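K.L.:
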Amino acid sequence: MPEQDLSAGKRSPVQALVLFGPPGSGKGTQAKLLMQCLGIPQISTGDMLREHITAGNVLGQEVSGIMRSGALVADEKVNALVEERLAKPDCAKGFILDGYPRTQQQAEALGRWLVRRDIAELVIHLIVDYNSLITRLTGRRQCPHCGTLYNLFSKAPKQDEVCDLDGTKLIIREDDSAAVIKERLDAYDRQTQPLIAYFRNQGRRLLELDASSDPPPVLMKKICSAIQDNARER
Ligand code: AMP
0 MPEQDLSAGK
10 RSPVQALVLF
20 GPPGSGKGTQ
30 AKLLMQCLGI
40 PQISTGDMLR
50 EHITAGNVLG
60 QEVSGIMRSG
70 ALVADEKVNA
80 LVEERLAKPD
90 CAKGFILDGY
100 PRTQQQAEAL
110 GRWLVRRDIA
120 ELVIHLIVDY
130 NSLITRLTGR
140 RQCPHCGTLY
150 NLFSKAPKQD
160 EVCDLDGTKL
170 IIREDDSAAV
180 IKERLDAYDR
190 QTQPLIAYFR
200 NQGRRLLELD
210 ASSDPPPVLM
220 KKICSAIQDN
230 ARER
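Quick note: the sequence shown, position 56, residue 55 per numbering that gives the first Met the number 0, numbers continuous.
(1) Please name the residue or residues paired with residue 123 in a DSSP beta bridge.
(2) Is residue 105 near the ligand AMP, judged by its Cβ being under 7 Å from some heavy atom?
(3) Compute the beta-carbon to beta-carbon distance between residue 95 and residue 32, rounded to the nearest angstrom, for a pair I have assumed lies under 8 Å.
(4) Mind checking which residues open and close the beta strand (DSSP E) that includes residue 239?
(5) Buried or exposed for residue 166, please, with buried defined as at least 16 other CB atoms from any protein chain shown within 10 angstroms of its CB.
(6) Please classify residue 12: is it buried, with 16 or more other beta-carbons within 10 angstroms of its beta-carbon, or exposed?
(7) May I ask which residues mark the beginning and end of the beta strand (DSSP E) holding residue 136?
(8) Within 7 Å: the Cβ of residue 65 and any heavy atom of the ligand AMP?
(9) Count the other C-beta atoms from every protein chain shown that fall within 10 angstroms of the C-beta of residue 146, then say buried if there are 16 or more, exposed otherwise.
(10) Among residues of its own chain, excluding the 5 on either side of residue 211, which ones have a beta-carbon nearer than 8 Å to its beta-carbon?
(11) Assign residue 57 to one of two classes, buried (16 or more other C-beta atoms within 10 Å of its C-beta) or exposed (fewer than that).
(12) Please classify residue 180: is it buried, with 16 or more other beta-carbons within 10 angstroms of its beta-carbon, or exposed?
(13) Any heavy atom of the ligand AMP closer than 7 Å to the Cβ of residue 169?
(14) How long is the line joining the alpha carbons of residue 219 and residue 229, rounded to whole angstroms?
(15) How would you label residue 236, buried or exposed, when you count the other beta carbons within 10 angstroms and need 16 or more for buried?
(16) Could you check what DSSP says for residue 288 in three-state terms: helix, strand or coil?
(17) Within 10 angstroms of the Cβ of residue 64, are there 16 or more other Cβ atoms? Answer buried if so, exposed if not.
(18) Taking only the alpha-carbon atoms, compute the straight-line gap between residue 26 and residue 17 and give it to the nearest angstrom.
(19) Quick one: is the Cβ of residue 210 within less than 7 Å of any heavy atom of the ligand AMP?
(20) With a threshold of 16 other CB atoms inside 10 Å of the CB of residue 123, please say whether the residue is buried or exposed.
(21) For residue 221, collect the residues of the same chain with a Cβ closer than 8 Å to its Cβ; drop the 5 residues on either side in sequence, then sort them by chain order.
(22) Please tell me whether residue 135 and residue 149 are closer than 8 Å, where the distance is taken between their beta carbons.
(23) Taking residue 184 as part of the alpha helix (DSSP H), name the residues at either end of that continuous run.
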């Protein structure tokens, strides 16, 4: 398998890739790496919702309190956002879902959307132990200017709390405070984790990978290999 860039002029070996896992499991980081490698866009419902908050529009105002608390936004709102996004031309070759689906209702809505288009999804479950999740989430920092993600424990900026690329002071995401992290992990356990059993019962393609210790580029290569093996088996 080529180590990088499967995208150049080729079809992606997967059309609908779902990156699944708890907050802090590295879905966003992997989605960004895979997007370059597979040549299909990342669709992060968390990022889309944050964009609405930044824009200060009605949806943003409706969801900001919920997101600050660490709870999940209502299914109808998130399903509508995703459906609108998937209709854009850049999703025609395929897409990577990051942070969606997170409830059974969302999984069912996605399932209906995919069945109508005869697309089979591949779910990759990133498994990370609880203590590592807490370390990752509490150490997370982001550049508000260019979006680059850092972690004080595993990918610290060269200069304390400042972006390596543009010198902007890094920020902590509002929902990465200790109390909100707990709420987000609880929401995952209650509403999202049960989807694994649902995917299995539905016979949906599900691959599980240990995502605790590999550096992101190494994990990305493992995910790419798993995707290609799976495409060959079909
Ligand atoms: P994330 O950036 O994926 O960790 O998401 C941040 C927050 O956005 C979550 O804690 C939820 O409040 C909200 N959110 C993101 N994706 C979803 C989703 N699929 N369903 C409901 N709420 C979501």
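All C-beta atoms, glycine included, are put in the ideal place defined by N, C-alpha and C.
Just so it is clear, the structure is predicted and the values come from calculations on it, not from any experiment.
P.N.:
Checking against the coordinates, here is how it stands:
(1) Against the sequence shown, residue 123 aligns to sequence position 124. Residue 123 pairs with 18, 206.
(2) As a first step, residue 105 is located in the sequence shown; it is residue number 106 there, counting from the start. Yes.
(3) For the purposes of this step, residue 95 is taken as the residue at position 96 of the sequence shown. For the purposes of this step, residue 32 is taken as the residue at position 33 of the sequence shown. Wrong, their Cβ atoms sit about 10 Å apart, outside the cutoff.
(4) The structure shown does not extend to residue 239, since the chain is modelled only from 0 through 233, so no value can be given for it.
(5) To locate residue 166, count along the sequence shown from 1; it is residue 167. The residue is exposed, with fewer than 16 neighbouring Cβ atoms inside 10 Å.
(6) Against the sequence shown, residue 12 aligns to sequence position 13. Counting Cβ neighbours within 10 Å, residue 12 comes out buried, since at least 16 surround it.
(7) One-based indexing of the sequence shown puts residue 136 at position 137. It is not in any beta strand (DSSP E) - residue 136 instead sits in the alpha helix (DSSP H) that spans 129 to 138.
(8) Within the sequence shown, numbered from 1, the residue matching residue 65 stands at position 66. Yes; taking the cut-off as 7 Å, the Cβ of residue 65 has a heavy atom of the ligand AMP nearer than that.
(9) Position 147 of the sequence shown, counting from 1, holds the residue named residue 146. It counts as exposed.
(10) Taking the sequence shown and counting its residues from 1, the one referred to as residue 211 is at position 212. So the qualifying residues of the chain are 126, 127, 128, 131.
(11) If you number the sequence shown from 1, residue 57 lands on position 58. By the neighbour-count rule (16 or more Cβ atoms within 10 Å), residue 57 is not buried but exposed.
(12) Locating residue 180 in the sequence shown gives position 181, counting from the first residue. Residue 180 comes out buried.
(13) Looking up residue 169 in the sequence shown gives position 170. Checking every heavy atom of the ligand AMP against the Cβ of residue 169, none is found closer than 7 Å.
(14) Locating residue 219 in the sequence shown gives position 220, where the first residue counts as 1. Locating residue 229 in the sequence shown gives position 230, where the first residue counts as 1. About 15 Å.
(15) The structure shown does not extend to residue 236, since the chain spans only 0 to 233, so no value can be given for it.
(16) As shown, the chain starts at 0 and ends at 233. That puts residue 288 outside it, with no answer to give.
(17) On the sequence shown, residue 64 is found 65 positions in, with the first residue counted as 1. With fewer than 16 Cβ atoms within 10 Å of its Cβ, residue 64 is classed as exposed.
(18) Taking the first residue of the sequence shown as 1, we reach residue 26 at position 27. Taking the first residue of the sequence shown as 1, we reach residue 17 at position 18. Roughly 9 Å between the two C-alpha positions.
(19) The count along the sequence shown starts at 1 and reaches residue 210 at position 211. No; taking the cut-off as 7 Å, the Cβ of residue 210 has no heavy atom of the ligand AMP nearer than that.
(20) For this step, residue 123 is matched to residue 124 along the sequence shown. That one is buried.
(21) Here residue 221 refers to the residue found at position 222 of the sequence shown. Hits under 8 Å: 208, 213.
(22) Walking along the sequence shown from the start, residue 135 turns up at place 136. Walking along the sequence shown from the start, residue 149 turns up at place 150. No, the Cβ-Cβ distance between residue 135 and residue 149 is not below 8 Å.
(23) Along the sequence shown, read from residue 1 onward, the residue named residue 184 stands at position 185. 177 to 186 is the span of the alpha helix (DSSP H), which, as asked, contains residue 184.
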